[in-house]
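Going by UniProt numbering, the first residue of the sequence shown is number 1, and it counts up by one from there. In this text, a Cβ means the ideal position worked out from N, Cα and C, and glycines have one as well. Computed from a prediction, not measured in an experiment: that's the story for all the values here. Scroll down for the structure; my scribbles are underneath it.
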Amino acid sequence: MIAPAFEVEHVALAFGAQTVLRDVSLAVAPGEAVGIVGPNGAGKSTLLDVVTGERRPDGGRVRLYGSDIGREPARRRCLLGLGRTHQIPRPFTGLTVLENVLVGAFRGAGLRRRAAYRAGLAALERTGLADRADQQAGDLGLLDRKRLELARALATGPDVLLLDEIAGGLTAPETESLIALLRELHTDGTTIVWVEHVLRALTRVVTRVACLAVGEIIADGPPDAVMADPRVVEAYLGRPGAVLL
Numbered sequence: 001m002i003a004p005a006f007e008v009e010h011v012a013l014a015f016g017a018q019t020v021l022r023d024v025s026l027a028v029a030p031g032e033a034v035g036i037v038g039p040n041g042a043g044k045s046t047l048l049d050v051v052t053g054e055r056r057p058d059g060g061r062v063r064l065y066g067s068d069i070g071r072e073p074a075r076r077r078c079l080l081g082l083g084r085t086h087q088i089p090r091p092f093t094g095l096t097v098l099e100n101v102l103v104g105a106f107r108g109a110g111l112r113r114r115a116a117y118r119a120g121l122a123a124l125e126r127t128g129l130a131d132r133a134d135q136q137a138g139d140l141g142l143l144d145r146k147r148l149e150l151a152r153a154l155a156t157g158p159d160v161l162l163l164d165e166i167a168g169g170l171t172a173p174e175t176e177s178l179i180a181l182l183r184e185l186h187t188d189g190t191t192i193v194w195v196e197h198v199l200r201a202l203t204r205v206v207t208r209v210a211c212l213a214v215g216e217i218i219a220d221g222p223p224d225a226v227m228a229d230p231r232v233v234e235a236y237l238g239r240p241g242a243v244l245l
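Structural data, given as structure tokens:
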């Protein structure tokens, strides 16, 4: 039996008296593209933080290809094959686009100079930023900052790519470009876990959706079935019977 690419099991986390995640379990198979949806405050980004080691849960386990990585620091998890983008792009604004990506290749993947440059340039080419390699990252617009966030993650050579609201704020043509890139990555075998509010973009890439609400997964399955689930509709809109897509 093939182990999941990554798995969280009975994960719980509270900030003081506020429970953010309660008994969350989710397994993602190698090469699968899974979306995580849910209303604001459901705990989606926090779950990604737990997976990547940016937050330590109060309970539960995190596994990568069957190995428990719950005690590993964030950098070690990156070295083991986890890549992640953040909801708000975080470029090093005083560095060039290429230098930003090299940070991922050097620090995140532990590559030596020549290999790091190869990985960095390949990531820029793939994300459409090769012609901006020498531009200051602080001068980029929103789409290109999101592309840079993705390029920096790709430069680490991830087996599992975690995306956090990467389609938010993009125009329709920009979203189309992003969808095409993510489909290409998925076709090439990258496991994708995508937290997203732009449902029409998400469901054109993923083959499965899990809905997180009030810190719990309330539905998990094919996108159309999950989006039509009355519990999911009510979690989003506060009332049953509406249509999400």
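Limits of the unbroken alpha helix (DSSP H) element including residue i
i: residue 228; result: 223-228
i: residue 120; result: 113-126
i: residue 143; result: 142-154
i: residue 185; result: 172-187
i: residue 71; result: No alpha helix (DSSP H) holds residue 71; DSSP gives it neither H nor E.
i: residue 49; result: 44-52
i: residue 103; result: 97-103
i: residue 200; result: 199-202
Of the listed residues the options, nearest to residue i (C-alpha basis)
i: residue 49; options: 187, 39, 62, 203; result: 62
i: residue 211; options: 72, 129, 34; result: 34
i: residue 81; options: 97, 105, 94; result: 105
i: residue 12; options: 195, 23, 3; result: 23
i: residue 47; options: 214, 91, 221; result: 214
i: residue 59; options: 92, 9, 94, 126; result: 9
i: residue 6; options: 158, 141, 97, 228; result: 158
i: residue 20; options: 71, 181, 43, 195; result: 43
i: residue 56; options: 172, 65, 66, 74; result: 74
i: residue 186; options: 29, 18, 14; result: 29
i: residue 118; options: 98, 143, 132; result: 98
i: residue 134; options: 100, 207, 177; result: 100
i: residue 53; options: 107, 18, 70, 171; result: 70
i: residue 90; options: 139, 131, 182, 220; result: 139
DSSP beta-bridge partners of residue i
i: residue 33; result: 192
i: residue 84; result: 162
i: residue 217; result: 212
i: residue 133; result: The partner list for residue 133 (beta bridge, DSSP) is empty, contrary to what the question assumes.
i: residue 67; result: 64
i: residue 59; result: 12
Boundaries (first-last residue) of the beta strand (DSSP E) holding residue i
i: residue 9; result: 6-15
i: residue 19; result: 18-28
Contact belief for residue i with residue j at Cβ below 8 Å, rounded distance in angstroms
i: residue 102; j: residue 116; result: 6 Å
i: residue 236; j: residue 39; result: 5 Å
i: residue 129; j: residue 147; result: 5 Å
i: residue 123; j: residue 95; result: That belief does not hold up - the Cβ atoms of residue 123 and residue 95 are roughly 15 Å apart, past 8 Å.
i: residue 217; j: residue 26; result: 6 Å
i: residue 37; j: residue 196; result: 7 Å
Residue i CB to nearest heavy atom of the ligand GDP below 7 Å
i: residue 227; result: The ligand GDP is absent from the structure shown, which contains no ligand whatsoever.
Item to check | Contact the segment 78-91 vs the segment 144-154: 3+ CB pairs below 8 Å | outcome: yes
Checklist entry - If we count Cβ pairs, one from each stretch, closer than 8 Å, do we get three or more for the segment 189-197 versus the segment 28-47? => result Three or more Cβ pairs closer than 8 Å define a contact, and the segment 189-197 meets that threshold against the segment 28-47.
Checklist entry - If you pair each beta-carbon of the segment 195-209 with each one of the segment 160-170, do three or more pairs fall below 8 Å? => result Under the 8 Å Cβ criterion, the segment 195-209 counts as touching the segment 160-170, having at least three qualifying pairs.
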